[in-house]
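Working notes, beginning with the structure itself.
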Amino acid sequence: MLSSIAGLPNLLLAAEKAAKGKRDKTSTAQFLVGLESELFRLHDELLRHTWRPGGYRTFKIYDPKERTISAAPFADRVVHHALCNVIEPVFEKTFIHDSYANRKGKGTHKAIERYQQFARRFPFVLKCDIRKFFPSLDHTVLKQELHRCLHDPGTRRLCDTILDGSNPQEEHIAYFPGDDLFAPYTRRRGLPIGNLTSQFWANVYLNRFDHFVKESLRVKGYIRYVDDFVLFADTKAQLHTWKSEVERFLAGLRLLLHPAKTRIYRVDDGVPFLGFRVWPYHRFVQKPKTRRYRRFLKGKIRKYLAGEILPDNLEAAINAWCGHIRFGQSRRAEKRVIRMLQEAGINVLQHPNGSWRVLETPRKPSQSHQKHTAP
799 MLSSIAGLPN LLLAAEKAAK GKRDKTSTAQ FLVGLESELF RLHDELLRHT
849 WRPGGYRTFK IYDPKERTIS AAPFADRVVH HALCNVIEPV FEKTFIHDSY
899 ANRKGKGTHK AIERYQQFAR RFPFVLKCDI RKFFPSLDHT VLKQELHRCL
949 HDPGTRRLCD TILDGSNPQE EHIAYFPGDD LFAPYTRRRG LPIGNLTSQF
999 WANVYLNRFD HFVKESLRVK GYIRYVDDFV LFADTKAQLH TWKSEVERFL
1049 AGLRLLLHPA KTRIYRVDDG VPFLGFRVWP YHRFVQKPKT RRYRRFLKGK
1099 IRKYLAGEIL PDNLEAAINA WCGHIRFGQS RRAEKRVIRM LQEAGINVLQ
1149 HPNGSWRVLE TPRKPSQSHQ KHTAP
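Read left to right, the sequence shown gives residues 799 to 1173 (the numbering used here).
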């Protein structure tokens, strides 16, 4: 399996995936300039077990809440893609149908449509959220889950190397049955948000939990998206019983439910789920999400008018959002977006397929452009 991961065709495919949407970044350009030599270097280092992760670049985002993002060097991201290209099909066969994050053919919209199917069958839902999910993921537990399906020693070693080379994450102290006083301080925890491997390994980490819910608890209506998951039932009493069982099983994975974000709802009251408020037959984008997008769009508009981004970049931001809010049956929100553009002096045209096109607008050239064109 390691020979497939380190194979030059797979590394080339991985480089193309890692560069997608990031070709304007300096680190990406530097790697692509010397693409052949870089791929041969990774090929040799992986097969000789001498490859080691580089240092992470960290920064914080505050939308919707504070998170620490860790960006790996571009060459490391190529290795992450190369690894996932090969091991993802191995794990995909073991995942349940109703796990919707970071999987082909899944996603938030599919998860919400599935939620509505269950909401038409069951009157009550238990909505759960895992507290400090990515900072809490225990390295020893994750290695055990990875090794259960990966039998090639070289591939196991590569996964361990990536995991051991991850940078420290937000501190989260919690005790579980059997812990001594020092257990939370001696066990390595946390996956860097931003790594492809982290997103994929989150599904691996909770895969046994998914099977426990479906096969041991026999929950017919269950959906999980990363650390957000819901269980449907005919009675509140049943959901209270399941909640206790869920807490017990998660403790074995060294995870805790978020006390403020875990509660039972009537489905007819509308439940907040994956950025939408969802009822059995309709759904709306939640207001905090629309406010965040308006701030994001204002930034894009400023950059566009200053000549810092091209029309297709602005179009992509508009059409991605409009597709999202149309799914949420929020036409008024789309009209507000178009009005914002028009008020900024940006003309847009809607295609017959519903997408928006930004028409060329006279813009102030950027400073870099002025330097090149000044007499």
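Glycine is no exception: its CB is placed at the ideal position from the N, C-alpha and C atoms. Please read these numbers as outputs of a predicted model, since none were measured by experiment.
- For G1019, the uninterrupted beta strand (DSSP E) run begins and ends at 1019 to 1023, by DSSP.
- When secondary structure is reduced to three states using DSSP, T953 falls in the helix class.
- One thing to note: V888 has its Cβ within 8 Å of the Cβ of C947.
- Contact holds between the stretch 1108 to 1127 and the stretch 1141 to 1161, because three or more Cβ pairs, one in each stretch, are under 8 Å apart.
- Between the alpha carbons of I867 and A873 lies a gap of roughly 18 Å.
- D896 sits in coil when the DSSP states are folded into three classes, being neither helix nor strand.
- Per DSSP, reduced to three states, the secondary structure at W1154 is strand.
- DSSP places A1031 inside the beta strand (DSSP E), whose first and last residues are 1026 to 1031.
- In the DSSP annotation of this structure, the continuous segment of the beta strand (DSSP E) that includes Y1063 starts and ends at 1061 to 1064.
- Using a Cβ distance threshold of 8 Å, T1039 and D927 do not count as a contacting pair.
- Contact annotation: the stretch 897 to 907 does not touch the stretch 1031 to 1048, with fewer than three C-beta pairs closer than 8 Å.
- Runs of the alpha helix (DSSP H) lying entirely within the stretch 911 to 960, each at least 4 residues long, are 931 to 934, 937 to 947 in chain order.
- In the three-state scheme derived from DSSP, where H, G and I count as helix and E and B as strand, S868 is classed as strand.
- According to DSSP, residue pairing for Q1148 in a beta bridge involves W1154.
- H841 and R985 have their alpha carbons spaced roughly 32 Å apart.
- The C-alpha of A870 is placed about 16 Å away from the C-alpha of G819.
- When the beta-carbon positions are compared, V1156 and P1109 come within less than 8 Å of each other.
- Assigned with DSSP and collapsed to three states, P1078 falls in coil, not helix or strand.
- Taking C-beta atoms as the reference points, F922 and L1037 count as a pair closer than 8 Å.
- I1099 sits in a helix when the DSSP states are folded into three classes.
- With a 10 Å radius around the Cβ and a threshold of 16 neighbouring Cβ atoms, I991 comes out buried.
- Per DSSP, reduced to three states, the secondary structure at I885 is helical.
- With respect to the 8 Å criterion, L1051 and R875 are not classified as neighbours on the basis of their beta carbons.
- Here F1030 has F916, F920, V923, G1019 as same chain residues with Cβ atoms under 6 Å from its own Cβ, once five neighbours each way along the sequence are excluded.
- L1095 and V1146 do not touch by the CB rule: their CB atoms are close to 12 Å apart, not below 8 Å.
- Of all C-beta pairs linking the stretch 948 to 963 to the stretch 1086 to 1100, fewer than three are shorter than 8 Å, placing the two stretches out of contact.
- A distance of 8 Å or more separates the beta carbons of M1138 and D950.
- In the three-state reduction of the DSSP assignment, R875 falls in the helix class, which pools H, G and I.
- Secondary structure at P975: coil, using DSSP grouped into helix, strand and coil.
- Judged by DSSP in its simplified three-state form, T856 adopts strand.
- In this structure, the alpha-carbon of E864 lies about 16 Å from that of L989.
- Looking at the backbone, the Cα of G963 and that of R1130 are separated by about 47 Å.
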